[in-house]
Amino acid sequence: NAGVTQTPKFQVLKTGQSMTLQCAQDMNHNSMYWYRQDPGMGLRLIYYSASEGTTDKGEVPNGYNVSRLNKREFSLRLESAAPSQTSVYFCASSGGNTQYFGPGTRLTVL
Amino acid sequence: AQSVTQLGSHVSVSEGALVLLRCNYSSSVPPYLFWYVQYPNQGLQLLLKYTSAATLVKGINGFEAEFKKSETSFHLTKPSAHMSDAAEYFCAVRNRDDKIIFGKGTRLHILP
Chain S
9 NAGVTQTPKF QVLKTGQSMT LQCAQDMNHN SMYWYRQDPG MGLRLIYYSA
59 SEGTTDKGEV PNGYNVSRLN KREFSLRLES AAPSQTSVYF CASSGGNTQY
109 FGPGTRLTVL
Chain P
24 AQSVTQLGSH VSVSEGALVL LRCNYSSSVP PYLFWYVQYP NQGLQLLLKY
74 TSAATLVKGI NGFEAEFKKS ETSFHLTKPS AHMSDAAEYF CAVRNRDDKI
124 IFGKGTRLHI LP
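As given, the protein sequences belong to chains S and P, one line each in that order.
Everything in the first sequence is counted per the numbering used here, starting at 9 for the first residue and increasing by one.
Everything in the second sequence is counted per the numbering used here, starting at 24 for the first residue and increasing by one.
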């Protein structure tokens with residue numbers, strides 16, 4: 009039982025490049041989330057998925073897209089990366105009123 | 024809309040002293056409240072949660088929090104700080120549509 013896994017752990021992009029952050033959970037949770045964490049800002053919700061096939065915008069969705077591929081997987085895509093998207097990205101899933109977090113992806117956009 | 028406010032972005036306590044991290048919530052309905060801890064270069068780990076049962080909630084690592092409706096507070100405490108408690112702590116509230124809203128975090132420093 010791995011919980012929530014994320015890949016990659018680290019990534020450096022140039023401005024304008026695209027990439028997809030992968031997330032998977034093996035806890036059979038319906039809800040999954042993507043957050044970004046920036047110093048002094050706490051965690052801000054980017055996108056949310058209540059169930060397979062549904063997604064909803066969070067607090068800071070601009071510049072991102074998501075795909076809920078199936079119940080296990082929820083990916084986050086940056087189509088044209090910008091330096092303002094330099095951050096640590098966390099995926100989470102929830103069940104039993106509790107969220108479980110992945111280890112994070114540290115993304116730097118030059 | 025539900026929200027949480029954490030008072031103090033940095034808190035320093037001496038080893039062995041009381042830890043008190045403050046959180047106030049805003050909610051129009053009985054809230055679900057959480058405290059998470061984040062150690063350096065790691066993800067968030069649940070410390071404890073309040074789900075409208077007992078108002079005093081005990082968590083892992085000797086932490087506890089008390090839900091006080093009259094004060095709209097959910098402060099986190101630990102009687103005696105340990106060096107290993109140095110981390111960032113986040114208070115959070117779950118809103119109606121299952122989204123969890125986080126506070127900005129409080130970094131706890133333990134002084135030897």
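For every residue, glycine included, the Cβ atom is placed at its ideal position computed from N, Cα and C.
Predicted, not measured: the structure shown is a model, and the values here were computed from it.
Looking at S:R76, S:P47, S:F18 and S:L53, the one whose alpha-carbon comes closest to that of S:T63 is S:R76. Assignment of beta-bridge partners to P:A115 by DSSP yields P:F57 and P:F125. From the listed residues P:L43, P:F90, P:L69 and P:P135, the smallest Cα separation to P:L79 is found for P:F90. Per DSSP, the continuous beta strand (DSSP E) segment holding S:A100 begins and ends at S95 to G103. For the C-beta of P:Q65, the chain S residues within less than 8 Å are, from N- to C-terminus, P111 and G112.
Distance check between P:S32 and each of P:I124, P:L41, P:Q68 and P:C114 places P:C114 closest, using alpha-carbon atoms only.
Rounded to whole angstroms, S:V117 and S:Y97 show a C-alpha spacing of 13 Å. Put simply, of P:W58, P:S51, P:S75 and P:V52 the residue whose alpha carbon is nearest the alpha carbon of P:L44 is P:W58.
Contact of S:F98 with chain P is assigned, a C-beta pair being separated by under 8 Å. Taking each of S:E67, S:S39, S:P111 and S:N38 in turn and checking the Cα distance to S:R52, the smallest one comes out for S:E67. The Cβ neighbour count for P:S35, taken over all protein chains shown within 10 Å, is under 16; the residue is labelled exposed. Counting only Cβ-Cβ distances below 7 Å, P:D121 has contacts in chain S at S39, A58 and S102, in chain order. The stretch 71-90 of chain S makes contact with the stretch 27-37 of chain S, as at least three CB pairs between them are under 8 Å. In this structure, the beta-carbon distance from P:Y112 to P:T95 does not fall below 8 Å. Considering only beta carbons, the part of the stretch 49-75 of chain S lying closer than 9 Å to chain P consists of M49, G50, L51, R52, L53, Y56, A58, D64, G66 and E67, in chain order.
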